[in-house]
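*Asks:*
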Amino acid sequence: MERALIIAEAGVNHNGDINVAKKLVLAAKECGADIVKFQTADLSSLVSKYAMMADYQKRNIGRETNQRDMLEKLMLSYDEFIELYSFCNKAGIRFLSTPFDIKSIKFLKDLGCSFWKVPSGEVTNLPYLVEIAKTHKPVILSTGMCTMDEIEEAVKILEQYGSSSITLLHCTTEYPTSFGHVNLKAMLSLYNRFLKPVGYSDHTEGIEIPVAAVAMGAVVIEKHFTLDRKMEGPDHKASLEPAGLKKMVKAIRNVEAALGNGIKQPFPEELKNRVAARKSIVASRDICKGEVFDVDNITTKRPGNGISPMEWFNVLGKTAKKDFKEDELVEL
């Protein structure tokens with residue numbers, strides 16, 4: 294890829310309100326993201342009534358309940374996703390949503406999603422992976438919480454059942470992720486192990502880490518964003534507000550432009566600076582015609598439009614064919 298695919302992860306930061314979701318779509322578009330991504334689930338298929346909230350969810354929401362009660366207030370209906378898909382098309386930004394169950398896979402396939410973003414929590418869900426693979430659509434697989442062996446098993450299942458295009462996202466499932474737990478070099482380990490495109494799904498605060506990931510070769514960047522970090526919900530505190538998302542996109546595009554093609558050669562704009570910055574062999578004092586050039590009567594000084602100092606030993610011992618004033622360019 295010539296540039297990284299930037300996924301603005303709206304997730305459930307709409308708090309179950311489709312009007313907020315539409316505002317997130319427009320914000321992602323305005324910020325320059327390539328894709329705006331949501332989360333789709335049939336709660337009865339996703340989570341049992343006994344599943345409790347994760348610690349970060351308790352911390353970020355400020356209270357404790359079971360996951361289903363929490364998610365019921367955060368999810369959009371299938372009908373609302375149909376409306377949202379159309380809204381994204383009209384807004385000119387690609388729609389994507391992560392399915393969290395097989396029913397939602399089938400729904401999103403029929404809706405028209407062109408590829409899948411598989412969340413870290415489904416990497417060990419064999420029936421889910423098989424259903425994803427059977428669609429033969431490209432897959433972006435997050436690897437938070439995973440060992441290399443778990444990732445390898447998931448990749449094998451996906452390929453066995455029909456996935457031919459898989460991108461692996463390094464990820465730390467911690468909201469927010471501390472810098473000490475990012476381990477960006479693991480992205481390179483993923484590439485070396487699987488020889489597949491790699492990217493990074495970021496949960497840190499700020500924009501430095503996704504920008505650094507692009508500099509290290511990430512072809513996909515996923516970043517949570519929200520309209521307001523002060524809103525109630527499990528993911529807002531680990532998300533960028535629109536101003537931050539826009540800054541991140543710009544920084545990534547600047548870094549990509551700076552990476553270049555890897556060929557070391559001077560740009561045309563540099564060549565005009567050679568004369569001013571480089572040196573030539575000049576007379577260090579007045580020199581009379583017939584004198585022999587030696588270390589006592591020549592030296593190197595700017596500008597660089599005379600004999601190059603790289604010819605130093607070729608000049609030493611030669612005879613001056615005319616008089617030279619101090620600082621005058623030496624000629625043979």
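Heads up: the sequence shown is residues 294 to 625, going by this note's numbering.
Even for Gly, the Cβ is constructed at its ideal location relative to N, Cα and C.
Using the beta-carbon count (16 or more within 10 Å), is residue 521 buried or exposed?
*Replies:* Position 228 of the sequence shown, counting from 1, holds the residue named residue 521. With fewer than 16 Cβ atoms within 10 Å of its Cβ, residue 521 is classed as exposed.
*Asks:* Taking all protein chains shown into account, decide if residue 482 is buried (16 or more other Cβ within 10 angstroms of its Cβ) or exposed.
*Replies:* Mapped onto the sequence shown, residue 482 falls at position 189. Residue 482 should be labelled exposed.
*Asks:* Looking at the structure shown, is residue 597 part of a helix, part of a strand, or coil, going by DSSP?
*Replies:* Your numbering for residue 597 matches position 304 in the sequence shown. Three-state result, residue 597: coil.
*Asks:* Go ahead and label residue 302 buried or exposed: buried means 16 or more other beta carbons lie within 10 angstroms of its beta carbon, across all protein chains shown.
*Replies:* To locate residue 302, count along the sequence shown from 1; it is residue 9. By the neighbour-count rule (16 or more Cβ atoms within 10 Å), residue 302 is buried.
*Asks:* Residue 463 bridges to which residues according to DSSP?
*Replies:* One-based indexing of the sequence shown puts residue 463 at position 170. 493, per the DSSP bridge assignment.
*Asks:* So what's residue 303 in DSSP terms, helix, strand or just coil?
*Replies:* For the purposes of this step, residue 303 is taken as residue 10 along the sequence shown, with counting starting at 1. It is a strand residue.
*Asks:* Alpha carbon to alpha carbon, what distance is there between residue 455 and residue 429?
*Replies:* For the purposes of this step, residue 429 is identified with residue 136 of the sequence shown, where counting begins at 1. For the purposes of this step, residue 455 is identified with residue 162 of the sequence shown, where counting begins at 1. Taking the straight line joining both Cα atoms gives about 5 Å.
*Asks:* Excluding the 5 residues preceding and the 5 following residue 593 in the sequence, name in chain order all residues of the same chain whose CB lies nearer than 8 Å to its CB.
*Replies:* Residue mapping note: residue 593 aligns to position 300 of the sequence shown, counting from 1. Taken in chain order, the residues that qualify are 572, 573, 574, 575, 602 and 605.
*Asks:* Should residue 426 be labelled buried (16 or more other beta-carbon atoms within 10 Å of its own) or exposed?
*Replies:* For the purposes of this step, residue 426 is taken as the residue at position 133 of the sequence shown. The residue in question, residue 426, is buried, as its Cβ has 16 or more Cβ neighbours within 10 Å.
*Asks:* Do residue 410 and residue 459 have their C-beta atoms within less than 8 Å of each other?
*Replies:* Here residue 410 is taken as the residue at index 117 of the sequence shown, counted from 1. Here residue 459 is taken as the residue at index 166 of the sequence shown, counted from 1. Taking 8 Å as the Cβ cut-off, residue 410 and residue 459 do not qualify as a contacting pair.
*Asks:* Over what stretch of residues does the beta strand (DSSP E) that includes residue 611 continue unbroken?
*Replies:* What you label residue 611 is simply residue 318 of the sequence shown in a count that begins at 1. Premise fails: residue 611 is in no beta strand (DSSP E) and is neither H nor E.
*Asks:* Where are the beta strand (DSSP E) runs, 3 residues long or more, that stay fully inside the region 380–424, in chain order?
*Replies:* Runs found: 387–392 and 409–411.
*Asks:* Residue 544: which of 509, 500, 581 and 525 sits nearest, CA to CA?
*Replies:* Locating residue 544 in the sequence shown gives position 251, where the first residue counts as 1. It is 500.
*Asks:* In the DSSP assignment, what residue or residues form a beta bridge with residue 622?
*Replies:* By one-based count along the sequence shown, residue 622 stands at place 329. BP columns for residue 622 point to 575.
*Asks:* Work out the CA separation of residue 504 and residue 480 for me, nearest whole Å.
*Replies:* Here the question's residue 480 lines up with position 187 in the sequence shown. Here the question's residue 504 lines up with position 211 in the sequence shown. Rounded to whole angstroms, residue 480 to residue 504 spans 14 Å at the Cα level.
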